[in-house]
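Sequential numbering from 508 applies to the sequence shown in our numbering. Beta carbons: idealized from backbone N, C-alpha and C, even for Gly. Report on one structure; see the data block that follows.
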Amino acid sequence: MRQPMVAGNWKLNGSSESNKLLIDGIKQGLGEVKKAQVVVCPPSVYLGQVNDLIDGTEILLGVQNVSEQVSGAYTGEISVSMLGDFSCKYAILGHSERRSLYAESDELVAKKFAAVKEAHLVPIFCVGELLEEREANQTEDVVARQIDAVIDLVGISAFKDVVIAYEPVWAIGTGKTATPQQAQDVHAFIRQRLATHDAEIAQQTRILYGGSVKPSNAKEIFNMPDIDGGLIGGASLKAEDFLAICTAAN
């Protein structure tokens, strides 16, 4: 049985004051979350503060991005070894914003995946298609390509304990909406793609949905058989909304 996960991606948001208010609010309602594993991913500059704020709770810490390099002359980058100074367990990789805004290729994401696994952290590995790719019926081709780039580099065994997040980029901030069944169809395809290499790993892998999950639609989405929780953007910045999504996994 796969444990649901709800991971909050704060993106480029936060301050020392607002972070404390948010974490305090989440902690107050955490007792109502019966099943989901709860993860918060603040901007890297706040990892130390959030690490302290969640100490002693069941909330887990993740980072939004990491370098494929271990150390050296890479100004502005953050290495997996640096994350060892915090109780950081998860690392978001290949997010659609990193792929589109910062031109991260499938090959680069695969290298980051390898670095994160080498450091014994858990990737939250993002895949998904753009609007023009969806309209051209290329969803499965795009998702398969993104997954295969990692398998080609590190092998299917590296997917043990990995979390995958499906982001229908076409349904985020465009006014278009992905139905729970559309999300389920892609999640099922992802699981099937993994199963062609290793059926056991495919069944064990948690696949999150990252397409504008809200308190109003979370339960319906999470009820789909291959959807194991959500990677939450805007709603993760409001404790009440984030907790409502977490409890929807109950």
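If you draw a straight line from the Cα of residue 508 to the Cα of residue 711, it comes to about 8 Å. Taking each of 673, 721 and 703 in turn and checking the Cα distance to residue 691, the smallest one comes out for 673. Where residue 576 is concerned, there is no enclosing beta strand (DSSP E), because DSSP gives it neither an H nor an E. Burial of residue 733 is indicated by the presence of at least 16 other C-beta atoms within 10 angstroms of its C-beta.
Ranked by how close their Cα comes to the Cα of residue 727, the residues 638, 700, 631 and 757 have 757 in first place.
Within a 10 Å sphere around the beta-carbon of residue 602 sit 16 or more other beta-carbons, which makes this residue buried. By the Cβ test, the segment 656 to 672 is in contact with the segment 606 to 622, since at least three Cβ pairs between them sit closer than 8 Å.
With contacts defined as CB atoms closer than 8 Å, residue 514 and residue 753 fail to qualify as a contacting pair.
Residue 555: member of the alpha helix (DSSP H) spanning 554 to 560, first to last residue. Here DSSP, grouped into helix, strand and coil, assigns residue 591 to helix. Nearest C-alpha to residue 704 among 725, 744, 651 and 751: 651. Secondary structure of residue 530 (DSSP, three-state): helix. Per DSSP, the unbroken alpha helix (DSSP H) holding residue 615 starts and ends at 613 to 625.
With respect to residue 736, residue 511 sits close: the two C-beta atoms are nearer than 8 Å. Residue range 567 to 570 is occupied by the beta strand (DSSP E) that includes residue 567.
In this structure, residue 743 and residue 516 form a Cβ contact; the two beta carbons are roughly 6 Å apart against a cut-off of 8 Å.
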